[in-house]
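For the sequence shown, the working numbering assigns the number 58 to the initial residue and increments by one for each residue that follows. We put the beta carbon where it would ideally sit given N, CA and C, even for glycine.
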Amino acid sequence: MEHIVEFKNVIVEYQMKHYNLRAVNDFSLKIPRGKITALVGESGSGKTTLASTLLNNVSKPGKIVSGEILYYGGDSVYNILDLDSKKLNQFRWSKISMVFQGAQNALNPIMTIFEQFYETLKVHRHDITEEEAEAICIQYLELVNLDYEKVFKAYPHELSGGMKQRVMIAFSLLLEPSLIILDEPTTALDVIVQDYIFKLLKKINVELKISMLLLTHDISVVSKYADYVAVMYGGKLMEYGSVKNVFTQKRHPYTKGLIESTPSLDKDIDSIKPIPGNPPDLMNMPSGCVFHPRCNKAFSACPITDPKLVLLENGNHLVKCLLYKGGDDNE
Ligand code: SF4
């Protein structure tokens, strides 16, 4: 399988005056090209921090302490973290773009939609004319099923939440990136609009063959729209594989807990089992397996041994749990 980016042993810390908080801890993973990969986990699991490393844009006092992030572009491979500021500015949005959490607030309230599109295009293509920018803008607004004549000259406050979200998706496509990061792209939208937006994203993924990295805590969205899923906990990768394998086999106790705690229309309310306890305190991370204080399968080795990621027998399915030895399991 071809890949678009690869995280290699990435560590990110928030460096405070008297201590450091490790938000991403030795994270390694290859993201498949042309697919939707979901990154799931509870709040504070490190999803947003990890995604921001792809643009080398971790907010201060965060710092990428070590690791590599390889970008596989057609005939060249390079480490995003090695790009100087000029190359990084060219790289951002043209290779990888991002739809931010609460994207509706990312639009400038005092500029029309077209002015914002034109401004971004000019930064990357200095000689672009207004007519050329207009044609590109129309192309992408139509792609996200917006009536460009209404939206083009509108200010953000004149659009509904769902329309603003579609504007942001069109915005992320402007420079034809290979990968789009979607950070909880439907937060604050009602379920019908959410479903509409995800169907639209799936269409863009399939028709334009754009890879997507979807950050979410919504397991039902993952099961419906993603191809692959990576489960994060305490800044570490706990499980990765195709949605089908991960959701049907539920190997990692944390993944199982996430799935079993998700309500659905066809599930008996009494069968919903929340994961006990709280996400780990980054200032006081548990020893051994970081999930052990909440794990219903924990045994004597768990508090003292940090499990390795092992590849299961069905290939391309990784699990970080002492119950599994790779190729086989001893459950
Ligand atoms: Fe649970 Fe132990 Fe596996 Fe961690 S290593 S997930 S504590 S069984």
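Secondary structure note for residue 252: its alpha helix (DSSP H) is the uninterrupted segment 248 to 265.
Residue 209 sits in coil when the DSSP states are folded into three classes, being neither helix nor strand. Relative to the Cα of residue 199, the nearest Cα in the group 95, 263 and 230 belongs to 230. When distances are taken from the beta-carbon of residue 174 to the heavy atoms of ligand 1, even the shortest one reaches 7 Å or more. By alpha-carbon distance to residue 259, the top candidate from 316, 118, 139 and 242 is 242.
Counting along the chain, residue 146 sits inside the alpha helix (DSSP H) bounded by residues 142 to 148. With a cutoff of 8 Å on beta-carbon distance, residue 93 and residue 262 are scored as near each other. In the structure shown, residue 80 falls within a strand segment according to DSSP collapsed to helix, strand and coil. Within the chosen limit of 7 Å, ligand 1 reaches the beta carbon of residue 378 through at least one heavy atom. When DSSP states are grouped into helix, strand and coil, residue 301 belongs to the helix group. Around the Cβ of residue 75, a 10 Å sphere holds fewer than 16 other Cβ atoms; the residue is exposed. Ranked by how close their Cα comes to the Cα of residue 65, the residues 80, 85, 72 and 73 have 85 in first place. Closest by C-alpha distance to residue 366, out of 351, 360, 346 and 353, is 346.
In the assembly as shown, residue 148 is a buried residue. Its beta-carbon has 16 or more other beta-carbons within 10 Å. Cβ neighbours of residue 118 within its own chain (closer than 8 Å, five residues either side excluded): 71, 72 and 73. Below 8 Å, too few C-beta pairs join the stretch 185 to 200 and the stretch 241 to 255 to call them touching: fewer than three.
With fewer than 16 other CB atoms across the displayed protein chains lying within 10 angstroms of its CB, residue 356 is exposed. The stretch 118 to 127 makes no contact with the stretch 204 to 212, as fewer than three CB pairs between them are under 8 Å.
Here residue 109 is buried, its C-beta having at least 16 other C-beta atoms within 10 Å. The beta carbon of residue 310 sits closer than 7 Å to at least one heavy atom of ligand 1. In the structure shown, the three-state DSSP call for residue 355 is coil. Of the residues assessed, residue 142 falls on the exposed side of the cut-off, its CB having fewer than 16 other CB atoms within 10 angstroms. Contact check between the stretch 96 to 106 and the stretch 275 to 289: three or more CB pairs, one atom from each, fall below 8 Å, which counts as touching. Taken through DSSP and simplified to helix, strand or coil, residue 60 comes out as strand.
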